[in-house]
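Mind the numbering: the sequence shown is residues 1331 to 1558 in the working numbering, read in order.
Ideal placement from N, C-alpha and C gives every residue a C-beta, glycine not left out.
Everything numeric in this text was worked out from a predicted model, so none of it was measured.
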Amino acid sequence: MSDPTPQPQAPHPPPSDAPVPAPATEPAPTPEPALEEGLRAQQLRKVFTRALGKSVGTCSYENFAQCFPTFAKNRPAQCQYVWEQMIKHWQERAWFEYHAILAERGVVKGLNELDQLIADAEERRRTAPPGFEPVAPSMLPPAAVVDAHLTPLLQAAAEKVNGRLEAVQADNDRLMRDIERQRAEMKGLYEKLLEVGANFEAAVETVASAVGSAEQFAAEIGELPGGA
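Next comes the structure, spelled out in structure tokens:
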């Protein structure tokens, strides 16, 4: 009677036609950054791509299979699939975090500003008059260094204050127009009151005149012969 206990089998590698994940030399599909990447931002992307590729390269299928020898021996195809999915998730997650950090810290904007600053400095050096020798920052007088640091801050503060002053001036102009409109309305009401008062006085004089005429008429009637 044969022994039903399964005999151990020698481990065998995955099929030669099994798909192998592409190395991490290109980013996985992720949202494009809002800003166009300049020279240094592109170099940063290349450095990150190489670093990620080296990290992913250390996790080969052979190393992965050694961590799960039983699973790799009994289910090589499934082990290959799990390894591929792990590598894919690793790459996608790494690129997601990369773009998230760039967006959160404004890295692309800062590197682009640095590119522009260096380009401006090179342009000033190129267009400098003959014999002009640039002064190193360490050789500048303290006042010039302080001014160089404070001028951008003071300009930004001045722009902010000017913006507030313009807003306050606009509010003052609007309030002045409202006050002038209210003054005109009050003047119109006052003139109408004067007109009504004058009409009232004229009406009183007319009534008084009518009453006087009536009394005089009654007196004249009483003086007639046969009067009351």
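By DSSP, does residue i sit in helix, in strand, or in coil?
| i | result |
| --- | --- |
| E1443 | helix |
| E1496 | helix |
| T1379 | helix |
| P1399 | helix |
| S1539 | helix |
| A1548 | helix |
| P1472 | helix |
| A1532 | helix |
| L1519 | helix |
| S1385 | helix |
| A1486 | helix |
| P1459 | coil |
| A1451 | helix |
How far does the alpha helix (DSSP H) with residue i in it reach, from first residue to last?
| i | result |
| --- | --- |
| R1435 | P1406 to R1435 |
Are there 16 or more other CB atoms within 10 angstroms of the CB of residue i, so buried, or fewer, so exposed?
| i | result |
| --- | --- |
| L1382 | buried |
| C1397 | exposed |
| Q1499 | exposed |
| I1509 | exposed |
| P1361 | Here the model assigns P1361 a pLDDT of 48, short of 50, so the residue's position is not dependable and the matter cannot be decided. |
| V1465 | exposed |
| Q1512 | exposed |
| A1451 | exposed |
| L1470 | exposed |
Would you please verify whether the beta carbon of residue i is less than 8 Å from any beta carbon of chain C?
| i | result |
| --- | --- |
| D1445 | Considering every chain present, this structure includes no chain C. It has just one protein chain. |
Going by C-alpha distance, which of the options is nearest residue i?
| i | options | result |
| --- | --- | --- |
| H1429 | I1551, L1374 and A1451 | L1374 |
| R1380 | Q1421, M1516, E1453 and N1404 | Q1421 |
| N1442 | Q1372, L1484 and G1518 | Q1372 |
| P1467 | K1439, P1406 and V1476 | V1476 |
Problem - Touching by the beta-carbon criterion (3+ pairs, under 8 Å), the segment 1442 to 1454 and the segment 1393 to 1410 - result: no
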